[in-house]
Every structure is written in structure tokens, then in C-alpha cells.
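Asker:
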Amino acid sequence: MTTSSTARNTTKNTAKSTTESTTESTTRTMTNRGGDVRLTGISKTYGSLTAVHPLDLTVPQGSFFALLGASGCGKTTTLRMIAGLEEPTAGTVCLGDRDVTRLPPHKRPVNTVFQSYALFPHLDVFENVAFGLRRRGIRSVKKQVEEMLELVQLGEQARRRPHLLSGGQQQRVAVARALINHPEVLLLDEPLGALDLRLRRRMQQELKRIQTEVGITFVHVTHDQEEAMSMADTVAVMNAGRIEQLGAPADLYERPGTAFVANFLGTSNLIEAEVHSTNGDDVVLTAGGGRLAVPRARCAAPVRTGGRVLLGIRPEKTSLTHADDSAGIPAGRNRVAGRITATSFSGVATSYVVDSAACPGFEAYVQNIDRDPRLVPGAEVVLHWNPAHTFGLDTAPAARAGAAEAGEEART
Amino acid sequence: MALLHRLRRHLVVLAGLLTLGFLLLPNLVVTVFSFNDPKGRFNYTWQGFSADAWRDPCGVSGLCGSLAVSLQIALWATLGATVLGTMTAFALARYRFRARGAVNSLVFLPMAMPEAVMAASLLTLFLNLGAELGFWTILIAHVMFCLSFVVVAVKARVMSMDPRLEEAARDLYAGPAQTFLRVTLPIAAPGIGAGALLAFALSFDDFVITNFTAGSTVTFPMFVWGSAQRGTPVQINVVGTAMFALAVLVVLAGTAGANRRRKLRG
Numbered sequence: 001m002t003t004s005s006t007a008r009n010t011t012k013n014t015a016k017s018t019t020e021s022t023t024e025s026t027t028r029t030m031t032n033r034g035g036d037v038r039l040t041g042i043s044k045t046y047g048s049l050t051a052v053h054p055l056d057l058t059v060p061q062g063s064f065f066a067l068l069g070a071s072g073c074g075k076t077t078t079l080r081m082i083a084g085l086e087e088p089t090a091g092t093v094c095l096g097d098r099d100v101t102r103l104p105p106h107k108r109p110v111n112t113v114f115q116s117y118a119l120f121p122h123l124d125v126f127e128n129v130a131f132g133l134r135r136r137g138i139r140s141v142k143k144q145v146e147e148m149l150e151l152v153q154l155g156e157q158a159r160r161r162p163h164l165l166s167g168g169q170q171q172r173v174a175v176a177r178a179l180i181n182h183p184e185v186l187l188l189d190e191p192l193g194a195l196d197l198r199l200r201r202r203m204q205q206e207l208k209r210i211q212t213e214v215g216i217t218f219v220h221v222t223h224d225q226e227e228a229m230s231m232a233d234t235v236a237v238m239n240a241g242r243i244e245q246l247g248a249p250a251d252l253y254e255r256p257g258t259a260f261v262a263n264f265l266g267t268s269n270l271i272e273a274e275v276h277s278t279n280g281d282d283v284v285l286t287a288g289g290g291r292l293a294v295p296r297a298r299c300a301a302p303v304r305t306g307g308r309v310l311l312g313i314r315p316e317k318t319s320l321t322h323a324d325d326s327a328g329i330p331a332g333r334n335r336v337a338g339r340i341t342a343t344s345f346s347g348v349a350t351s352y353v354v355d356s357a358a359c360p361g362f363e364a365y366v367q368n369i370d371r372d373p374r375l376v377p378g379a380e381v382v383l384h385w386n387p388a389h390t391f392g393l394d395t396a397p398a399a400r401a402g403a404a405e406a407g408e409e410a411r412t
Numbered sequence: 413m414a415l416l417h418r419l420r421r422h423l424v425v426l427a428g429l430l431t432l433g434f435l436l437l438p439n440l441v442v443t444v445f446s447f448n449d450p451k452g453r454f455n456y457t458w459q460g461f462s463a464d465a466w467r468d469p470c471g472v473s474g475l476c477g478s479l480a481v482s483l484q485i486a487l488w489a490t491l492g493a494t495v496l497g498t499m500t501a502f503a504l505a506r507y508r509f510r511a512r513g514a515v516n517s518l519v520f521l522p523m524a525m526p527e528a529v530m531a532a533s534l535l536t537l538f539l540n541l542g543a544e545l546g547f548w549t550i551l552i553a554h555v556m557f558c559l560s561f562v563v564v565a566v567k568a569r570v571m572s573m574d575p576r577l578e579e580a581a582r583d584l585y586a587g588p589a590q591t592f593l594r595v596t597l598p599i600a601a602p603g604i605g606a607g608a609l610l611a612f613a614l615s616f617d618d619f620v621i622t623n624f625t626a627g628s629t630v631t632f633p634m635f636v637w638g639s640a641q642r643g644t645p646v647q648i649n650v651v652g653t654a655m656f657a658l659a660v661l662v663v664l665a666g667t668a669g670a671n672r673r674r675k676l677r678g
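Residue numbers (the numbering used here), protein chains in the order written: chain A, 1 to 412; chain B, 413 to 678.
(1) Can you tell me whether G497(B) is buried or exposed? The criterion is at least 16 other CB atoms within 10 Å of its CB, across all chains shown.
(2) Below 7 Å on C-beta distance, what does L186(A) contact in chain B?
(3) Roughly how many whole angstroms lie between the Cα atoms of L661(B) and A668(B)?
(4) Report the three-state DSSP secondary structure of L661(B) (helix, strand or coil).
(5) Hey, does G587(B) have any beta-carbon neighbour from chain A nearer than 8 Å?
(6) Going straight from the alpha carbon of V620(B) to that of G546(B), what length do you get?
(7) Using the Cα positions of P295(A) and F65(A), report the straight-line distance between them to the nearest angstrom.
(8) Taking the C-alpha atoms as reference points, what is the distance between N111(A) and A178(A)?
(9) Can you list the beta strand (DSSP E) stretches of 3 or more residues lying completely in the stretch 137-223 of chain A, in chain order?
(10) Which bits of chain A does D574(B) rub up against, with CB to CB less than 8 Å?
(11) Return no unless some Cβ of chain B is closer than 8 Å to the Cβ of R177(A).
(12) Counting along the chain, where does the alpha helix (DSSP H) carrying E578(B) start and finish?
(13) For L197(A), which option in A300(A), I216(A), V353(A) and E226(A) has the closest C-alpha, if you only look at C-alpha atoms?
(14) Do the CB positions of L534(B) and T625(B) come within less than 8 Å of each other?
(15) Which chain A residues are close to V595(B), counting only those with a beta carbon under 7 Å from its beta carbon?
(16) Hey, A586(B) and R594(B): beta-carbon distance below 8 Å or not?
(17) Taking only three categories from DSSP, how would you classify D124(A)?
(18) Counting C-beta neighbours from all protein chains within 10 Å, is the total for E24(A) 16 or more, i.e. buried, or is it exposed?
(19) Decide yes or no for the touch test of the stretch 114-122 of chain A against the stretch 93-106 of chain A: beta carbon pairs closer than 8 Å, at least 3 of them.
(20) In chain order, what residues of the same chain lie with their CB nearer than 6 Å to the CB of A531(B), ignoring the 5 residues before and after it?
(21) So, using beta-carbon positions, are T50(A) and V221(A) closer together than 8 Å?
(22) For C438(A), is the classification buried or exposed, using 16 other Cβ atoms within 10 angstroms of its Cβ as the cut-off for buried?
(23) Under the rule that 16 or more other beta-carbon atoms within 10 Å means buried, what is S572(B), buried or exposed?
(24) Run the CB neighbour count on S63(A), radius 10 Å, all protein chains shown included, and call it buried at 16 or more, exposed below.
(25) Looking at the structure shown, is T26(A) part of a helix, part of a strand, or coil, going by DSSP?
(26) Taking CB distances under 8 Å as the criterion, tell me whether R569(B) reaches chain A.
(27) In chain B, what lies closer than 9 Å to H106(A) by C-beta?
(28) May I ask which residues mark the beginning and end of the beta strand (DSSP E) holding Y253(A)?
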């Protein structure tokens with residue numbers, strides 16, 4: 001970390017982030033690690049197709065960061081630009097204070113766990129893991145490789161060829177092969193996609209354990225929202241080449257900023273409503289003839305009387321009471337009356353689909369503690385929930401403004 | 413009934429053995445007749461046992477000389493065709509360039525064209541260029557027609573190769589040269605090896621094109637053809653049997669090696 005590189009960095013950043021980067025570089029010098037991954041205005045186009053729109057993103061050093069999105073949303077392209085396997089059309093990639101945008105992949109202190117593992121079929125497990133060390137001219141690799149294989153519990157398999165291993169074992173070889181190089185950043189491109197559900201859950205815990213143990217920055221690309229939420233400290237939800245929203249998993253889930261995020265992360269019931277009035281800290285909305293409240297602070301949409309807002313509530317935060325008992329519902333809760341159209345029992349919980357004037361096909365999950373035998377299809381019920389669990393969204397479908405804000409948020 | 417039942421159960425094995433017999437019978441005949449003691453000039457009817465020809469394989473004038481020429485040409489043609497063919501295959505499989513489609517189909521032309529036509533046109537070409545017919549013209553012709561077989565074999569292998577393997581190598585600190593030597597080449601090796609073997613067999617064996625482009629040079633197939641007019645020496649069968657035995661040995665050694673490696677790895 002020379003003075004000149006800090007100076008060069010300063011000219012590139014805005015005044016605000018300059019102060020920030022100076023303080024950061026001090027801490028980085030002390031911990032003697034590479035530092036944050038910083039993408040600035042990075043974009044990728046293939047001919048007329050834009051895979052990634054210009055985006056700014058900072059992945060803090062040592063964090064477990066997930067890029068979440070459906071296939072084709074640009075998350076893998078973003079990852080490959082960090083690895084150097086894809087050259088950005090515009091923008092820069094920085095590791096700490098080093099601009100690595102023009103560096104070829106073999107000169108970047110970054111390693112990747114590929115989607116199909118990409119283990120070398122002509123080399124055994126040991127040589128696969130030793131590959132990176134050998135390429136860097138390290139002679140005595142035996143001890144390191146053996147230790148790494150112990151870490152991923154594959155000591156017995158060292159002399160086997162990769163194709164003789166199970167999917168889970170191959171996956172661990174891929175992780176070991178990348179981690180042994182002590183990269184500043186480990187990139188994981190859907191590393192668990194090929195595994196069955198049970199193994200996937202176990203590998204998620206395993207990866208999380210390894211990340212905590214080695215303290216390396218992990219950037220994890222996945223389309224599995226549950227995987228992203230359970231593993232990552234920070235999740236960035238991508239859609240159509242843009243970051244829709246970025247934050248801690250619980251924040252994203254509890255306060256989605258756009259309808260896309262609300263539906264991509266878990267399930268949301270979205271009710272189109274009209275702003276009626278404001279009452280203290282709450283916004284009062286009307287939908288289907290009833291009144292519903294949402295805290296102003298949880299409303300991502302501009303609030304104007306007569307304006308439209310998309311009101312959202314998670315299925316598991318909703319309670320279901322038979323219409324005959326509706327008098328017992330505490331005051332102050334949002335209520336929607338309707339009729340059950342379908343139920344489905346899954347052991348832990350029962351999910352109900354309720355049609356109402358405000359919202360057709362409202363979903364509610366109820367834990368199977370005391371099951372009410374009257375709650376069958378055709379039954380009249382009242383859905384009710386705490387207004388504090390409600391969130392408000394912009395009715396504009398794409399909500400592009402939200403994406404830009406997410407980029408700004410990412411910078412800070 | 414019982415016989416029919418047994419027949420049905422072993423039908424696949426039976427069919428396999430019959431096919432194998434059909435394939436091996438000519439080789440067996442060649443081997444048996446290499447121990448013949450022919451009374452006349454022709455080695456076509458069994459006369460009596462003799463190992464004379466095996467004791468003196470070079471006893472016929474010109475035979476071992478032609479064998480040496482054939483082996484030399486086959487080795488150099490294999491080398492030339494394998495190097496050029498591998499590069500062509502990589503170019504076709506990996507890069508987009510002008511006339512890529514044309515090259516892709518033109519490469520098949522030597523395989524599809526009747527050999528006699530190609531041989532005649534090659535002769536015309538060499539004569540018009542004023543080239544002296546002999547070792548070099550044969551070699552050039554052989555490299556040309558072996559090339560397409562190598563391209564086909566290597567291209568199939570390169571196309572089926574996961575491009576992520578090379579990305580993984582680059583990601584793991586291997587520069588372009590290291591990536592090629594440590595990953596690309598070893599993985600493409602079976603295809604290259606298959607192409608090289610094909611090239612060797614085709615070149616060693618070729619008669620038509622060689623005959624047109626040889627001038628006064630005599631290769632082994634030409635020697636066999638030439639001597640068949642005047643009488644066939646037993647030594648031809650000896651060389652044929654030896655080549656066959658060598659090929660079988662190579663295959664067996666390869667299989668045994670692969671088996672042992674598999675066992676070692678568990």
C-alpha cells in the first residue's frame with residue numbers, strides 16, 4: 001500500500017468516499033489483508049444486449065456476500081468480472097486500493113469455485129488442490145495440501161480422480177482447490193446448484209463454517225433465496241442487470257423495497273390500495289372497502305392522499321380466525337374478510353388461500369398448534385395482522401428509482 | 413428345447429465371437445502361411461511347415477528396404493499431420509474467423525474424395541511444379557490426407573472439453589502457456605493420440621496415392637503389390653504377422669496399464 005496508489009485512488013472517488021477510503025486503508029494496513037472488493041460503474045454489454053447495467057458495489061472485507069437473482073440477471077457476469085474472466089465494458093474493479101480491472105485472471109489474488117466445479121479430470125484430488133500452489137512456484141506443497149484436504153474431510157480421497165467422487169465430495173475439492181491459495185476474495189458461482197436438497201443444506205453450513213474459520217471475503221452467486229439468506233451477511237438482489245436492493249437478509253425480508261424483492265425473497269401478499277389519510281406515524285389505506293394501516297417508515301412509496309400504494313404482508317405474519325369468532329380479534333389489527341378457497345397441510349404448518357374483495361388468492365401460513373376444524377375451503381374467515389408488519393411499495397412495476405438507491409446504498 | 417434355451421441365453425456372446433472370428437480370420441491365415449514352405453513362387457497353398465522365412469525376414473531383396481521407407485514416411489507423416497491437424501482443430505473449435513465454415517467442410521474433402529482421383533491430381537500438381545517424385549512427394553501427399561483424420565479426431569475432443577477447465581486454470585494462477593501445457597493439452601491428448609494412430613496406420617498402409625507420387629521409391633505396400641505379380645515371398649507374411657502382433661501387444665499393454673492404474677486408485 002504505497003502513497004501513490006492511495007493518491008491515485010483518491011482522484012477516482014468522490015469527496016465523500018475519499019475520507020472513507022483513507023480510514024479504511026489504515027485498518028487494512030493493520031490487518032494486512034487485501035481489503036474490500038469495490039466495483040465502480042461496472043457494466044457489461046454483449047453487442048446490443050446489456051448483461052450488467054452500470055453498478056457500484058462494495059463488498060466489505062471478510063464478509064459473506066450473496067448476489068441473488070434469477071438466471072440471466074447478470075449476477076454470474078458480475079462475478080466473472082471480479083475474477084477477471086470477463087472484461088467489463090466500462091467501470092473498474094478494485095481490490096482494496098489496487099485497481100485490478102486490466103489484470104488477467106492468473107494475476108488476481110482471487111479464486112473461484114465454479115458452478116460445475118471444473119475439476120481437472122486428468123489430475124487426482126491431491127494435484128487438483130496443489131495446482132494453484134505449483135503454478136506459483138511453491139515446491140513443497142504436500143503439507144499444505146494435506147491440511148487443506150483435512151479441512152474439507154477428504155484426506156482419504158487424495159489419490160482418486162475427481163470423476164470417482166460423489167457430487168458433494170467434488171464440491172469440497174473445488175472449495176479446497178480455491179481456498180488453499182488464501183485468496184483475498186473467494187468467488188462462488190452457484191456452487192451448490194448440482195447437489196440434492198439434503199446435501200445442499202449440509203454444504204451450506206459447511207461453507208459458512210469454513211468462511212468463519214478462514215475469514216476470507218466470500219462472494220456467493222445463487223438463485224436460491226433461502227441459501228442466500230441463511231449463509232450471507234449481506235444479500236444483493238439482482239434483476240435484469242441491476243441491483244434491486246441490498247442489505248442484511250432480515251432487513252431485505254422484513255422491508256423489501258420493490259415488488260420484485262418482495263416476491264423473490266419468500267412470498268408476499270400484495271394488495272393494491274389507495275392512500276386515504278395519515279394518522280400519526282401510520283398511513284391509512286383503503287382496499288376492497290376496508291381500511292388498512294401501514295407505518296409511514298415502512299412505506300417505500302411516496303405517500304399522497306388519493307395516490308396508490310402496493311401494500312405487502314408476509315403469509316406467516318398473518319393470522320386466520322373464523323368469521324364467527326371475529327369479535328375476539330384485538331383492536332388495532334389490520335383485517336381482511338374473505339373465504340377460504342384452498343388449504344394445504346404440510347405437517348409443520350397449514351397454508352390457506354383466501355379470496356377477498358381486497359385481494360384474490362391471499363396466502364396465509366398458520367402453524368399447526370391448535371388446528372381449528374372449521375377452517376376448510378368455503379369457510380368465511382377474517383385475516384388479521386399487526387400493522388407494524390406491513391410494508392408499502394411503489395405501484396410502478398419496475399421501480400427503477402429503487403435500484404439506483406440500492407447502488408448508492410452499496411457505496412456507503 | 414434345452415439347446416434353444418441355451419442358444420438364446422448366449423446369443424450375444426455367440427454373435428460377438430462370430431464377429432471376432434470374421435475379423436481375425438484373415439490375420440490368422442497370414443500368420444499360418446508365414447510358416448509355409450511353398451514349392452513354387454506363390455505362397456497361396458499350404459505345402460509344409462518351415463520357419464525359414466522367420467529366420468531370415470530380410471532374405472528377399474528390397475523387402476526390408478521398402479519397410480524402412482514406409483516406416484520413415486509413416487512416422488514423419490504422423491508427426492506432420494498431428495501437429496498441423498491439432499492446430500487446425502483448435503482453430504476450428506475455438507476461434508471464429510473468416511472462411512471458418514469453408515475450412516470446416518474443406519477439411520473433410522480428402523476423406524470423401526476417391527483416392528485414385530486425388531492421387532492423379534497430386535501427380536499432375538507435382539509434375540507441373542517440376543518436383544522430383546520420391547520420398548518428399550510421398551510425405552507431402554501423406555501429410556495432406558492424414559490431416560483430415562487428425563482434425564476430426566482432435567476437434568471432437570476439443571469441442572467436448574468444458575471451457576471452464578481452462579478458466580479454472582487461469583483462475584489458479586496459470587498463464588496462457590501454462591494453461592495450455594498443464595490443462596488443455598493433457599485433456600486433448602486422447603484425441604490427439606487417436607488421430608496420430610489413425611494417421612500412422614493410414615500412411616503406412618497407403619498404396620494408391622503412394623504409387624502415383626513415389627517415382628522410383630518403393631514403399632512396403634508397393635513392394636507387396638509388385639512381388640504379387642512375380643510370386644509372393646513368405647517374408648511378406650512374416651512382416652505382416654509381426655506388425656499385427658506388435659499392434660496387439662501395444663493394445664494389451666495399454667489396457668493392462670489402465671487396469672493397474674484403476675486398481676491403484678481404488
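No residue lacks a Cβ here, since even glycine has one placed at the ideal position from N, Cα and C.
Answerer: Straight from the coordinates:
(1) buried
(2) Per Cβ cutoff of 7 Å: no residues; L186(A) is ~11 Å from chain B at best.
(3) 10 Å
(4) helix
(5) yes
(6) 14 Å
(7) 30 Å
(8) 5 Å
(9) 185-189 and 217-222
(10) S116 and A118
(11) yes
(12) P575 to D583
(13) E226(A)
(14) yes
(15) F120
(16) yes
(17) coil
(18) Any reading at E24(A) must be qualified, since the residue scores a pLDDT of 39, below 50, and its modelled position is unreliable; no value is offered.
(19) no
(20) V620, I621 and F624
(21) no
(22) Lying before the first or after the last residue shown, residue 438(A) is absent from chain A, which here runs from 1 to 412.
(23) exposed
(24) buried
(25) For T26(A), the predicted structure reports a pLDDT of 37, less than 50, and the residue's modelled location is therefore unreliable. A value from the coordinates is still provided. If DSSP states are grouped into helix, strand and coil, T26(A) belongs with the helices.
(26) no
(27) A581, R582, D583, L584, Y585, A586, G587, P588, Q590 and T591
(28) Here Y253(A) belongs to no beta strand (DSSP E); instead the alpha helix (DSSP H) covers P249 to E254.
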